[in-house]
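Residue numbers (the numbering used here): 646 to 916.
Written out as C-alpha cells, the structure reads:
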C-alpha cells in the first residue's frame with residue numbers, strides 16, 4: 646500500500662479540504678463500502694426515524710459522520726484524525742455532557758489532545774505512519790529506547806488511574822446515573838488513545854474493548870429515555886459501527902500486517 650503521508654506535510658495542508666480529499670484515495674473497496682453504508686445509516690438514524698429535527702439532530706449527525714470517517718481513515722493508515730477528529734470530538738463532548746456521561750466527554754477531550762492536536766501542530770507525526778506502526782513486543786526487536794516491559798507498565802497504570810479517578814469523581818462529586826460503565830469507557834478509551842498516539846497495533850484491541858463499553862454505556866443511556874433520546878440513539882448506532890470496523894481492522898489493516906517492515910527496520914537498526 647502506498648502511503649501518501651510519506652511526503653512532507655505542512656500545517657496548511659492539514660486545514661486544506663483538498664488535502665483531506667486526497668486521503669480518501671487508495672482505500673480498500675471494503676472501506677469505501679463501509680463509508681457509504683455508514684453515512685447512510687447515520688443519516689437515516691438522524692433524520693428518518695420520525696424524531697423532531699433540531700439543532701441537536703444536526704450536531705449529532707455531523708459528529709457521527711466525521712467520527713466514522715476518521716476511524717475508517719485510521720484503519721487505512723491515513724491521517725484523517727486532525728481536523729475531522731477535532732470537529733467530531735467537540736460535538737461529542739457537548740452531547741455526552743448533556744446526557745450525564747462526563748467520563749465519555751473527558752475521553753473525547755483526551756482524543757483531541759492525544760490524537761487530533763498532534764496532527765494539527767506537528768505534521769511530521771503523520772509522516773510514514775505505516776512504517777512506525779508495530780506491536781509492543783516488537784519494540785525490543787526494533788531496538789527502541791523503551792521496551793515492552795515499560796509500555797505494559799504504562800498501559801496498566803493509565804487504565805487503573807483513569808477508571809478510579811473517573812469513578813470517584815462521578816460517585817462523590819457529580820452523582821451521575823451510570824458511573825461504572827462511564828468510567829470503564831474512559832479507562833479503556835484512554836488506553837486506546839495512548840496506544841494509537843505511539844502507534845502500537847494493540848490499540849485496536851483496546852478499541853474493541855472500549856467499543857463494548859461504549860455500546861453498553863449508550864445502550865443504558867437510550868434505555869433511560871428523556872428528551873434527548875434521539876441523539877443518544879444516533880451515538881449508540883455510531884458506536885456499533887465503530888465496533889464492527891474495529892473487528893474488520895484486525896483482519897485487513899496495515900496496523901496489523903507489518904512484519905516485513907519491522908524486520909527491515911531491525912536489520913537497518915532504524916527506530
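All C-beta atoms, glycine included, are put in the ideal place defined by N, C-alpha and C.
Query	Result
Exposed or buried, residue 823, counting other C-beta atoms within 10 Å across all chains shown (16 or more means buried)?	buried
Is the beta carbon of residue 732 sitting closer than 7 Å to the one on residue 873?	no
Among residues of its own chain, excluding the 5 on either side of residue 845, which ones have a beta-carbon nearer than 8 Å to its beta-carbon?	778, 779, 780, 781, 796
Can you check whether the CB of residue 854 is closer than 7 Å to the CB of residue 833?	yes
Just mark residue 730 as buried or exposed, buried being the case when its beta carbon has 16 or more other beta carbons within 10 Å.	buried
Identify whether residue 779 lies in helix, strand or coil by the three-state DSSP scheme.	strand
Quick check: the segment 668 to 681 against the segment 714 to 725, are at least 3 beta-carbon pairs closer than 8 Å?	yes
Excluding the 5 residues flanking residue 816 on each side, which residues of the same chain have their C-beta closer than 6 Å to its C-beta?	824
Per DSSP, what are the beta-bridge partners of residue 845 in this structure?	779
From residue 714 to residue 680, what distance separates their C-alpha atoms?	7 Å
Can you tell me which of the three DSSP states residue 890 falls into?	helix
For residue 938 and residue 804, which I take to be in contact (beta-carbon distance under 8 Å), what is that distance rounded to the nearest angstrom?	What the structure shows of the chain is the stretch from 646 to 916, and residue 938 is not part of that stretch, so it cannot be assessed.
What number of angstroms, rounded off, separates the C-alpha of residue 784 from the C-alpha of residue 738?	34 Å
Could you check whether residue 858 and residue 943 sit closer than 7 Å to each other, using their CB atoms as the reference points?	With the chain represented from 646 up to 916, any question about residue 943 goes unanswered, as that position is not in the structure.
Express the C-alpha separation of residue 751 and residue 813 in angstroms, rounding to a whole number.	14 Å
So, under 8 Å CB-CB, residue 863 and residue 891 are touching, yes? Tell me the CB distance rounded to an integer number of Å.	No, residue 863 and residue 891 are not in contact; Cβ-Cβ is about 16 Å, not under 8 Å.
Please classify residue 661: is it buried, with 16 or more other beta-carbons within 10 angstroms of its beta-carbon, or exposed?	exposed
Cα separation between residue 666 and residue 802?	38 Å
Between the Cα of residue 736 and those of 900, 894, 879, spot the shortest distance and give me the residue it belongs to.	879
Assuming residue 883 and residue 712 form a contact by the criterion Cβ under 8 Å, report the distance between their Cβ atoms to the nearest whole angstrom.	6 Å
Assign residue 701 to one of two classes, buried (16 or more other C-beta atoms within 10 Å of its C-beta) or exposed (fewer than that).	buried
From residue 871 to residue 745, what distance separates their C-alpha atoms?	12 Å
Taking the continuous alpha helix (DSSP H) assigned at residue 749, which residues delimit it?	747 to 756
If we count the other Cβ atoms within 10 Å of its Cβ and call it buried at 16 or more, is residue 651 buried or exposed?	For residue 651, the predicted structure reports a pLDDT of 42, less than 50, and the residue's modelled location is therefore unreliable. A value from the coordinates is still provided. Classification of residue 651: exposed, given that the 10 Å Cβ count is below 16.
For residue 800, which option in 820, 821, 761, 847 has the closest C-alpha, if you only look at C-alpha atoms?	847
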